[in-house]
Amino acid sequence: MKKNRILAVGSVALDSVKTPFGEVTNALGGSVSYFAASARFFSKVALVGVVGRDFPEKYWDKIRSLGVDTACLERKEGKTFHWRGFYGDDLNHAKTLKTELNVFQSFRPCIPRAYRSDRFVFLANIDPDIQREVLGQMGRPHLTACDTMNYWIAHKRPSLMSLLKKVHVFLCNDGEARELSGERSLLKAAKWVLSRGPSLLVIKKGEHGVLCFSKNFTFLAPAFLLEDVFDPTGAGDSFAGGFVGYLVSCRRFSEKAVRKAIVYGSVLASYNVESFSLDRLSRLKRPEIEKRYRQFREMTRF
Ligand code: AMP
0 MKKNRILAVG SVALDSVKTP FGEVTNALGG SVSYFAASAR FFSKVALVGV
50 VGRDFPEKYW DKIRSLGVDT ACLERKEGKT FHWRGFYGDD LNHAKTLKTE
100 LNVFQSFRPC IPRAYRSDRF VFLANIDPDI QREVLGQMGR PHLTACDTMN
150 YWIAHKRPSL MSLLKKVHVF LCNDGEAREL SGERSLLKAA KWVLSRGPSL
200 LVIKKGEHGV LCFSKNFTFL APAFLLEDVF DPTGAGDSFA GGFVGYLVSC
250 RRFSEKAVRK AIVYGSVLAS YNVESFSLDR LSRLKRPEIE KRYRQFREMT
300 RF
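Heads up, the sequence shown is in numbering that gives the first Met the number 0, so the first residue is 0 and it goes up one at a time.
#1: Apart from the five residues on each side of it in sequence, which residues of its chain come closer than 6 Å, Cβ to Cβ, to Thr-232?
#2: Put Gly-181 into one of helix, strand or coil per three-state DSSP.
#3: For a quick check, are the C-beta atoms of Gly-51 and Asn-101 less than 7 Å apart?
#4: Taking the Cβ atom as the reference point for each residue, do Ser-10 and Ile-110 lie within a distance shorter than 7 Å?
#5: Would you kindly work out how many angstroms separate the C-alpha atoms of Pro-197 and Lys-165, rounded to a whole number?
#6: Do Leu-122 and Leu-277 count as a contact pair if the criterion is CB distance below 7 Å?
#7: Report the option in Lys-204, Phe-238, Lys-259 whose CA atom is closest to the CA atom of Ala-176.
#8: Which stretch, first to last residue, makes up the alpha helix (DSSP H) that contains Ile-5?
#9: His-81 lies in the beta strand (DSSP E); which residues open and close that run?
#10: Ligand 1 and Ser-265: does the residue's C-beta get closer than 6 Å to at least one heavy atom of that ligand?
#11: Can you tell me where the alpha helix (DSSP H) holding Asp-128 begins and where it ends?
#12: Just mark His-141 as buried or exposed, buried being the case when its beta carbon has 16 or more other beta carbons within 10 Å.
#13: Go ahead and pull the three-state DSSP assignment for Asn-149.
#14: Quick check on the burial criterion: 16 or more other C-beta atoms within 10 angstroms. Buried or exposed for Pro-55?
#15: What are the start and end residues of the beta strand (DSSP E) that includes Phe-121?
#16: Spatial neighbours of Phe-106 within its chain, please: CB distance less than 7 Å, with the 5 preceding and 5 following residues excluded, ordered by chain position.
#17: Scan the segment 181–215 and note each continuous alpha helix (DSSP H) run of 4 residues or more that stays entirely inside, going in chain order.
#18: Return yes when at least one heavy atom of ligand 1 lies under 6 Å from the C-beta of Asp-236, else no.
#19: Which partner residues does Arg-74 have in the DSSP bridge list?
#20: Can you grab the Cα-Cα spacing for the pair Ala-256 / Pro-19, in whole Å?
#21: I want to check one thing, is the minimum distance from the CB of Thr-232 to the heavy atoms of ligand 1 below 6 Å?
#22: Nearest CA to the CA of Leu-307: which residue from Ile-202, Leu-225, Glu-99?
#23: Any heavy atom of ligand 1 closer than 6 Å to the beta-carbon of Thr-98?
#24: For Tyr-245 versus Phe-41, is the C-beta spacing smaller than 7 Å?
#25: Go ahead and label Phe-301 buried or exposed: buried means 16 or more other beta carbons lie within 10 angstroms of its beta carbon, across all protein chains shown.
#26: Take Phe-119 as the anchor and find which of Val-243, Ala-36, Arg-74, Lys-61 has the nearest alpha-carbon.
#27: Which stretch, first to last residue, makes up the alpha helix (DSSP H) that contains Leu-267?
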């Protein structure tokens, strides 16, 4: 077990994405890749996932060059998870054109013994059966956070509901919160989720910011204001990376720490959307994060 290391499972993907500003084919993506590229600024990250034989060596090197532990990243016969998405003028909503699970279809993670007592676990967006499998192999984590998407709400609802009972923090976007709960009002949706397990719920609303709910407080934050958004892919995952990464670096998960973590998450997401794939996050420097954090504080002070 390593102090402050986050064991994170999720998709490592080849993404083909088109936005009004350009397109990429088979770019490095996946929920846990974005998470790790952003959480690494605050905490150590060990990534759990699987790629196929077609996964380029340079992508593997890129993940390693970010200081991410890849001991639990497997390479298997078959093709890497592939997601094809499209954004029109509304950059808040991705249209999924294709999801090819490929090697993830038969993935049964086996967490090495040295990682099983890790205290912090992040279950990035992937099949909830895989998320549960990972959590089932862990001791008693101090903090477990989990993300998902509409695809799994529609295809694996019972599994997701059983997972919800076991996580401390649940992250989703506004559409997913509504779809999961069947409630139109986000406040009602939040109460619905909080009564089913998690003690903290974070609802992401793209360019409209974030809502954070617990039994004791509610915190609302806008998104960092940007002139240009190039590619929103991974915004939610890089938010989660900044949020969980910062929280884990705090000694106590106090209300103050949660509020600050929400702002760090928003800052990381704002950098991520400035370019395709992990390009901006991998060039990002800590002083740039702190600069935007201070601007954020100034813009929301009253
Ligand atoms: P985000 O924009 O933060 O919601 O996440 C985008 C990332 O999620 C992309 O890099 C995709 O590879 C990945 N992704 C898309 N669909 C799925 C899925 N069904 N399960 C896991 N990861 C996915």
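Ideal Cβ placement from N, Cα and C applies to all residues, glycine included.
According to the structure data:
#1: As a working mapping, residue 232 is identified with position 233 in the sequence shown. Sequence-distant Cβ neighbours of Thr-232 in its own chain, meaning closer than 6 Å and more than five residues away, are Val-16.
#2: Taking the sequence shown and counting its residues from 1, the one referred to as residue 181 is at position 182. Per DSSP, reduced to three states, the secondary structure at Gly-181 is coil, with no helix or strand assignment.
#3: The count along the sequence shown starts at 1 and reaches residue 51 at position 52. The count along the sequence shown starts at 1 and reaches residue 101 at position 102. Contact flag set, yes.
#4: The residue given as residue 10 occupies position 11 in the sequence shown. The residue given as residue 110 occupies position 111 in the sequence shown. No; because the gap between Cβ atoms is not below 7 Å, this pair is not in contact.
#5: As a first step, residue 197 must be located in the sequence shown, where it is residue number 198. As a first step, residue 165 must be located in the sequence shown, where it is residue number 166. Approximately 7 Å, taken between the alpha carbons.
#6: For the purposes of this step, residue 277 is identified with residue 278 of the sequence shown, where counting begins at 1. For the purposes of this step, residue 122 is identified with residue 123 of the sequence shown, where counting begins at 1. Not in contact: Leu-277 and Leu-122 (Cβ atoms no closer than 7 Å).
#7: Reading the sequence shown from its first residue, position 177 is the one you call residue 176. Relative to the Cα of Ala-176, the nearest Cα in the group Lys-204, Phe-238, Lys-259 belongs to Lys-204.
#8: Here residue 5 is taken as the residue at index 6 of the sequence shown, counted from 1. For Ile-5, no alpha helix (DSSP H) encloses it; the enclosing beta strand (DSSP E) starts and ends at 4–8.
#9: As a first step, residue 81 must be located in the sequence shown, where it is residue number 82. It spans 80–85 - the beta strand (DSSP E) in which His-81 sits, taken as one unbroken run.
#10: The count along the sequence shown starts at 1 and reaches residue 265 at position 266. No, since every heavy atom of ligand 1 falls outside the 6 Å radius drawn around the Cβ of Ser-265.
#11: Taking the sequence shown and counting its residues from 1, one reaches residue 128 at position 129. Residue range 127–136 is occupied by the alpha helix (DSSP H) that includes Asp-128.
#12: The sequence position of residue 141 within the sequence shown is 142, counting from 1. His-141 comes out exposed.
#13: Looking up residue 149 in the sequence shown gives position 150. Helix at Asn-149.
#14: In the sequence shown, counting from the first residue as 1, residue 55 sits at position 56. Exposed, since its Cβ has fewer than 16 Cβ neighbours within 10 Å.
#15: Within the sequence shown, residue 121 is the residue found at index 122, counting from 1. Counting along the chain, the beta strand (DSSP E) containing Phe-121 begins and ends at 119–122.
#16: Indexing the sequence shown from 1 puts residue 106 at position 107. Val-49, Ile-129.
#17: Within the segment 181–215, the complete alpha helix (DSSP H) runs of at least 4 residues fall at 185–193.
#18: Working through the sequence shown from its first residue, we reach residue 236 at position 237. Indeed, a heavy atom of ligand 1 lies less than 6 Å from the Cβ.
#19: Translated into the one-based positions of the sequence shown, residue 74 becomes position 75. Val-50.
#20: Numbered from its first residue, the sequence shown carries residue 256 at position 257. Numbered from its first residue, the sequence shown carries residue 19 at position 20. Approximately 37 Å between the Cα atoms of the pair.
#21: Within the sequence shown, the letter at position 233 stands for residue 232. Yes - ligand 1 has a heavy atom lying nearer than 6 Å to the Cβ of Thr-232.
#22: Outside the displayed span of the chain (0 to 301) sits residue 307, for which this structure offers no information.
#23: As a first step, residue 98 is located in the sequence shown; it is residue number 99 there, counting from the start. Ligand 1 approaches Thr-98 closely enough that one of its heavy atoms is under 6 Å from the residue's Cβ.
#24: Taking the first residue of the sequence shown as 1, we reach residue 245 at position 246. Taking the first residue of the sequence shown as 1, we reach residue 41 at position 42. Yes; because the gap between Cβ atoms is below 7 Å, this pair is in contact.
#25: As a position in the sequence shown, residue 301 is number 302, starting the count at 1. Per the 10 Å Cβ criterion, exposed.
#26: Here the question's residue 119 lines up with position 120 in the sequence shown. Nearest to Phe-119 by C-alpha distance, out of Val-243, Ala-36, Arg-74, Lys-61, is Val-243.
#27: Residue mapping note: residue 267 aligns to position 268 of the sequence shown, counting from 1. It spans 254–271 - the alpha helix (DSSP H) in which Leu-267 sits, taken as one unbroken run.
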